[in-house]
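Count the sequence shown with mature numbering (1 follows the signal peptide of the UniProt record, and there is no 0) and you get residues -24 to -1, 1 to 171, in order. Take a look at the structure set out below.
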Amino acid sequence: MIRRPAMLFLLIITVASITCGAQASRSIVFLPQPLSSLDIINTTLHQGQNARCSFTVSIRTSCSSPAQTRDQISLAFGDAYGNQVYAPRLDDPASRAFERCSRDTYTVYGPCTYQICYVYLYRSGYDGWIPYDVTIYGYNSKAVTFTYNFGIPRDTWYGHNYCRSHTVKSAGNLAWNLLSIGSTMLYTVASLFRG
């Protein structure tokens, strides 16, 4: 008689702890990934077309990077709704851009976006420039920082895409929660029939 309420209490505590644990924030740092091809969306806007917004892009160069670089650096970023900003050739060797341990800040214009969720860098050249991170400030989005601190390959778009990670993570959490709750309930029911 005492055994059944104890098992029911155990079931309730287990389900509650699984649910609360699944809701806890998880911080995972992902490495940048190569992108075989990036469809560059023409962001040249004519008078009267979509609104034009300015973005501040801050790029920090790693302290592991060469002292100076002649590499040509391009940037593309955007949101989950297909709005993309493309900035070709940010580099300017005459301005000493992208030197080791430095921060370079640019104002880039393009279509207005929602929350920025992806960024890709393209490096062309042989110096081996290494970015530390890229921070993008936009009108309709919170500032977002994408960490590299990793040598990116030459002639390849390389970066982060978190546009779908929230959906995938939520689906994974839901599946894990359902599996955990189901197995806990089966164990509890089996224990009730044994005792």
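The C-beta atom is built at its ideal place from N, Cα and C for all residues, glycine as well. Since we're looking at a predicted model, the values are computed, not measured.
Segment contact, 8 Å Cβ cut-off, at least three pairs: the segment 85 to 95 with the segment 24 to 43
yes
Would you check if the distance between the CB atom of THR45 and the CB atom of TYR108 is smaller than 8 Å?
It is not a contact, given that the beta carbons lie outside the stated cut-off.
Note down the Cα distance separating ALA43 from PRO10, rounded to an integer number of angstroms.
25 Å
Assuming residue 184 is part of the beta strand (DSSP E), what are its boundary residues?
Look at the range of the chain in this structure, -24 to 171, and you will see that residue 184 is not part of it.
Suppose contacts are defined by Cβ-Cβ distances below 8 Å. Is PHE53 in contact with TYR94 by that definition?
yes
Per DSSP, what kind of secondary structure is GLY148 in: helix, strand or coil?
A caution first: GLY148 carries a pLDDT of 47, below 50, which makes its placement in the model too unreliable to give a value.
Taking 8 Å as the threshold (C-beta atoms), are ILE49 and TRP133 in contact?
no
Every unbroken alpha helix (DSSP H) inside the segment 5 to 69 [4 residues or more]:
Counting whole runs of 4 or more residues, the segment 5 to 69 contains no alpha helix (DSSP H) stretch at all.
Could you check what DSSP says for SER100 in three-state terms: helix, strand or coil?
In the three-state reduction of the DSSP assignment, SER100 falls in the strand class, which pools E and B.
Residues in the same chain with beta-carbon distance under 7 Å from LEU14, minus the five sequence neighbours each way, listed in chain order, please.
Cβ neighbours of LEU14 beyond the five flanking positions: ALA52, TYR96, TRP133.
Assuming ILE16 contacts VAL110 (C-beta within less than 8 Å), just tell me the rounded distance between them.
Wrong, their Cβ atoms sit about 17 Å apart, outside the cutoff.
Would ILE92 and GLY114 qualify as a contact pair, given that the criterion is a beta-carbon distance under 8 Å?
yes
For ALA63, which residues from the same chain have a beta carbon less than 6 Å from its beta carbon, with the 5 sequence-adjacent residues on both sides left out?
LEU51, VAL84
Contacts around SER100, its chain only, beta-carbon distance under 7 Å, and the 5 residues preceding and following it disregarded
ASP47, GLN48, ARG130, ASP131
From what residue to what residue does the beta strand (DSSP E) around ASN116 run?
First-last for ASN116: undefined, no H or E at that position.
Leaving out the 5 sequence neighbours to the left and right, which residues in its chain are closer than 7 Å to LYS118 when beta-carbon positions are compared?
GLN91
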